[in-house]
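S.K.:
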Amino acid sequence: MLHAVPELLDALEAKLVAGEDPAPLLSNIRWSELVWWPEDLKSAMVLKQRIASVQSLLMGLQSPLRATLANLSGSESYGRDGLPRESTLLSPRLGGKV
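Mapping of the sequence shown onto my numbering: residues -7 to 90, in sequence order.
(1) P14: which of D32, K34, A3 sits nearest, CA to CA?
(2) Nearest-angstrom Cα distance between L39 and L53?
(3) Please tell me whether A(-4) and W28 are closer than 8 Å, where the distance is taken between their beta carbons.
(4) In whole angstroms, what separates the C-alpha of L0 from that of A62?
(5) Pick out the complete beta strand (DSSP E) segments inside the region 6 to 51, 3 residues or longer, and give them in chain order.
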């Protein structure tokens, strides 16, 4: 079965947005038989942007899961200032008599 790259990206994006499992779609693809590869720079840049948007969508869908797993694990995570949450703030005291 031949798949065109843009239509494949459309179908993949639609499944992800709908919350469906994309595994059946991806498992039925013969990757060596993908068609419609860009022939000029403009088409290549558009395709690259589409792929980047699907990657961003995947990362966005994974973030709640990653946050949950991080909170369930016993390892320390980092806060906004780049220091572990439970660490006490140590400020170096450079001192001398003035």
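C-beta atoms are modelled at their ideal positions from N, C-alpha and C, and glycine is treated no differently.
M.R.: Concretely, from the data shown:
(1) A3
(2) 21 Å
(3) yes
(4) 33 Å
(5) none
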